[in-house]
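According to the UniProt record's numbering, the sequence shown is numbered sequentially starting from 1.
Cβ atoms here follow ideal geometry from the backbone N, Cα and C, with glycine treated the same way.
In this text, all values refer to a predicted model and were calculated from it rather than measured experimentally.
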Amino acid sequence: MDMSNIKIFGNHSPVVGVKEYYSINELFGNSVPKQNFLPEYQVASNDQVKWSVWIFERGSWRKTKENDKTGITVDYIFYQKSLAREAIKLSVEVNGEKAIFDIKPLKTSQAKIVHVDLLDANLSKPTKPFAYGDWIVARVHCVGMDRFSLAVTLWEDDGGKTKQNTTNVRIQEKRGIVLNGIADVSFQLKPSFAWLANAKLAEGDTSEGEFHEYYVTAEFLERKSKRVPSLNTNVPNPDYKPKVVIKQTPAEKKGPSKKEVKGINKSDNKVYDYHETKVSIKPTTDFNPVWEKINSILKVNVDENWWKKKEEKKGICVSEARIRAFMRMLRVKEDTAGDSGYEKNVGGKSFIKDYKKDWSTHPKISIYIKRINKNSNAAGAYQFMGDTYDEIIRNYGKRYKISNFTKESQDKMCLILMKHYYKDDRPKSFYNPESVGSKEWRKRFKNQQADIIQLIIDDDIKRAALLSSLCWASLPDSPYGQQSSLYTFTDVKKIYDSYLKEELVATSKELYLKKGFLKEFGYSCCDGYNDINTGCSDKSDIDLRNKITFYAQKTSTDCNITCRKIMKIIDIYPENPTEHDGESYYQTALETKDRKGLTLNIDNFKKGINYIDKSLEAGYPIMVGVHHSNIYKYNETSVPTTDHYVIIVGRFCDNNVLKYRFWDVGTKNGEINDYKFTKHEDKLYSDEIFHKGKSYVVSQIRRNKKIDDNSLITF
């Protein structure tokens with residue numbers, strides 16, 4: 001065969017979520033491979049036929065390394081995100097000859113879950129074995145399902161994925177919302193799970209063996225389950241004691257796998273694909289257990305009762321963890337992540353090794369940057385310009401004890417920029433550039449000025465990233481046109497969340513800020529570690545959304561009535577204002593007399609949280625009042641502190657931080673959007689932002705009463 005005539009056979013317009021086959025053999029079809037085809041056109045071995053997928057972005061073609069394959073015939077599934085690509089092409093190379101095949105994916109008319117990947121805490125394919133103490137991220141790939149809600153469950157496998165309700169151990173269930181074809185749900189492999197796994201054995205087994213097998217299922221939240229499982233991952237059993245010296249694999253000890261390659265889900269008679277992959281890992285044993293950081297191999301104390309001992313928890317200031325995670329996020333697209341980033345000059349070279357500079361001052365090495373057609377002397381972890389460095393030293397050097405360009409100084413200068421440089425609005429000239437398009441783009445910054453550090457402390461990451469883009473041009477909202485169109489706030493948030501998980505477990509060594517740095521910058525949130533979240537390992541996950549039906553309020557004043565309508569479905573209603581307090585029995589906050597702040601009632605808050613927990617555990621949702629603004633439509637209100645009412649419908653533990661899920665009746669998407677309150681020592685506040693940048697703070701907690709006899713539900 002003439003190799004110059006090599007061709008690719010397959011479907012130019014694959015439907016997203018459908019497996020398609022591509023081949024250099026013309027007898028091989030599209031979506032379904034033909035059987036018993038004659039290899040008369042085979043001119044090379046499978047290893048010689050190399051496939052790759054290329055995408056067009058930012059004016060050039062980029063190869064997606066994760067899609068490289070070999071073989072005369074290969075298969076690909078194109079996902080939801082491929083619909084947004086400017087162009088896609090499939091390439092095949094055989095002995096130096098190439099062929100190109102244009103791909104234009106089509107939308108699907110069928111909403112479905114395609115498959116589930118298990119990733120590490122950095123949202124990457126694991127490069128190390130999972131172990132107890134690690135975080136697993138279940139990435140659910142979907143098509144036609146944006147904003148759908150999914151139930152994602154972690155299982156310990158004891159005899160096959162068709163036996164979830166019999167021999168398998170349901171470890172934890174969480175909810176996820178599909179955005180851009182993906183839902184990411186995180187699970188921590190807590191050491192206590194080892195005990196659960198060992199407590200229940202598959203029929204015929206005398207022990208769990210050396211490994212615990214875990215997998216994740218994802219399903220639609222509908223009357224009929226549509227469950228799709230992930231591949232298996234094995235976690236070393238810390239209680240396992242080998243009986244013989246001869247090394248064996250888990251498969252040899254447990255016998256052949258009992259899982260089906262394809263089977264029937266007994267609950268709804270639907271056919272699904274089940275997949276199995278063994279991941280062999282070995283534990284490292286030490287008599288002094290040490291957790292390094294997420295994704296490190298877990299070191300295990302061989303004391304057989306180790307799991308019974310209460311874990312010591314070091315105090316971690318949540319606010320400082322957030323700031324550190326945000327700073328690390330900034331460095332990702334600046335291409336300065338890691339310790340070497342502190343000495344990186346614009347252009348990529350080290351100003352220490354390549355330019356023979358030192359840490360005594362900013363290097364001020366000017367380099368021509370073709371991409372922006374101008375010179376730049378940006379340097380360091382945060383790519384400070386030389387004049388910015390001079391200004392910081394002049395105005396803030398003495399105050400914050402900065403006199404050089406060392407690693408700690410660079411971290412401090414980043415904090416100075418975030419704290420001091422964006423409190424004032426931009427000048428009028430900023431909003432009136434020559435380009436009309438730029439003028440429209442810059443409107444998003446109007447009236448957004450703030451202390452970025454305070455925004456991060458308040459968990460307003462979106463606004464913090466917006467203002468930071470005025471300094472760091474790689475961020476999505478940057479007005480300077482240097483950022484990638486494919487880098488969105490969703491990506492920013494994923495990177496930030498990933499780093500925050502690490503920082504909440506243990507302070508990373510990625511930065512050089514000293515513990516307690518926020519106090520030096522004038523923030524008292526971590527004084528005495530009042531801001532420390534004390535964990536939630538003793539709290540079970542609860543979800544009551546399937547017991548009630550969501551309604552959105554019809555008018556701007558119907559929130560209370562609408563909440564009562566929802567709760568009436570299960571024959572309960574919230575208590576009215578009481579003589580105990582003018583607003584609520586558990587009044588957790590009141591406005592100050594000047595209506596410019598809140599006075600928190602810590603005693604009521606603790607009692608109210610206890611009531612919420614007891615109610616959820618008994619199967620009852622809770623109506624709570626929230627405060628979000630000091631600006632009112634009316635001069636007088638009967639309930640001055642509480643602006644709105646929502647319903648708490650569940651709780652869960654996220655990165656050792658207790659969260660309460662709620663429905664917001666004030667929006668038609670109040671059920672679809674996964675709204676959450678975070679518990680702190682003195683308040684519950686919303687993770688999401690409402691009403692022009694304001695978070696919800698719970699101001700009252702209403703007790704429940706029974707409709708049939710008006711009796712108060714107490715515990």
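Classification of residue i by the beta-carbon crowding that lies within 10 angstroms, buried from 16 upward
{"i": "K308", "result": "The pLDDT assigned to K308 is 31, lower than 50, so where the model puts this residue is not dependable, and the model offers no usable value."}
{"i": "residue 725", "result": "Because the chain spans 1 through 715 in this model, residue 725 falls outside it and cannot be assessed."}
{"i": "D68", "result": "exposed"}
{"i": "Y422", "result": "buried"}
{"i": "K401", "result": "exposed"}
{"i": "R399", "result": "exposed"}
{"i": "L470", "result": "buried"}
{"i": "F56", "result": "exposed"}
{"i": "R58", "result": "exposed"}
{"i": "Y496", "result": "buried"}
{"i": "A218", "result": "buried"}
{"i": "P433", "result": "exposed"}
{"i": "K374", "result": "exposed"}
Coarse secondary structure for residue i, derived from DSSP in three states
{"i": "E334", "result": "coil"}
{"i": "G625", "result": "strand"}
{"i": "E66", "result": "strand"}
{"i": "L123", "result": "coil"}
{"i": "K98", "result": "strand"}
{"i": "Q454", "result": "helix"}
{"i": "W135", "result": "strand"}
{"i": "F517", "result": "helix"}
{"i": "A339", "result": "Checking the sequence shown, residue 339 turns out to be Asp, not Ala. In the structure shown, D339 sits in a helix (DSSP, three-state: H, G or I)."}
{"i": "S498", "result": "helix"}
{"i": "Q587", "result": "strand"}
{"i": "C317", "result": "coil"}
{"i": "C471", "result": "coil"}
{"i": "W51", "result": "strand"}
Residue i and residue j closer than 9 Å at C-beta
{"i": "M623", "j": "I647", "result": "yes"}
{"i": "G338", "j": "E502", "result": "no"}
{"i": "Y214", "j": "W155", "result": "yes"}
{"i": "T592", "j": "N604", "result": "no"}
{"i": "A464", "j": "M413", "result": "no"}
{"i": "L500", "j": "A325", "result": "yes"}
{"i": "L118", "j": "V216", "result": "yes"}
{"i": "V140", "j": "I182", "result": "yes"}
{"i": "E20", "j": "D102", "result": "no"}
{"i": "H362", "j": "D390", "result": "yes"}
{"i": "Y523", "j": "E408", "result": "no"}
{"i": "Y551", "j": "I566", "result": "yes"}
{"i": "G516", "j": "C317", "result": "yes"}
{"i": "I24", "j": "V114", "result": "no"}
{"i": "V143", "j": "A111", "result": "yes"}
{"i": "G380", "j": "Y342", "result": "yes"}
Cut-off 7 Å between Cβ atoms - residues of its own chain near residue i, not counting five sequence neighbours on either side
{"i": "L83", "result": "V16, P105, K107"}
{"i": "Q553", "result": "C559, T562, V665, G666"}
{"i": "G386", "result": "H362, K364, N377"}
Residue from the options whose Cα sits closest to the Cα of residue i
{"i": "I457", "options": "H680, N432, T153, S91", "result": "H680"}
{"i": "R328", "options": "G516, K659, W472", "result": "W472"}
{"i": "S109", "options": "A218, V665, V18, F405", "result": "V18"}
{"i": "K494", "options": "N11, Y685, A121, R58", "result": "A121"}
{"i": "T667", "options": "A618, S556, K683", "result": "S556"}
{"i": "I323", "options": "E86, I392, R371, L455", "result": "L455"}
{"i": "D708", "options": "F130, K568, W441", "result": "K568"}
{"i": "N704", "options": "V697, F677, K614, S45", "result": "K614"}
{"i": "L598", "options": "E440, Y382, Y22, Y685", "result": "Y685"}
{"i": "T406", "options": "F430, K344, K370", "result": "K344"}
{"i": "W54", "options": "K89, S45, I452", "result": "K89"}
{"i": "K659", "options": "R564, E66, D687", "result": "D687"}
Same chain only: Cβ atoms within 6 Å of residue i, ignoring 5 sequence neighbours per side
{"i": "R147", "result": "I672"}
{"i": "V185", "result": "A138, V152, K174, G176"}
{"i": "G625", "result": "T642, Y645, S699, Q700"}
{"i": "Y355", "result": "I365"}
{"i": "H420", "result": "none"}
Cβ-based neighbour list, residue i, same chain, cut-off 8 Å, excluding 5 preceding and 5 following
{"i": "V649", "result": "D543, L544, R545, I548, P621, R661, F662, W663"}
{"i": "F489", "result": "K462, A465, P476, D477"}
{"i": "K443", "result": "Y431"}
{"i": "R702", "result": "P574, E575, S584, Y585, Y586, I622, M623, V624, G625"}
Cβ-heavy atom distance, residue i to the ligand FAD, below 8 Å
{"i": "S109", "result": "Absent from the structure shown: the ligand FAD. Ligands present: none."}
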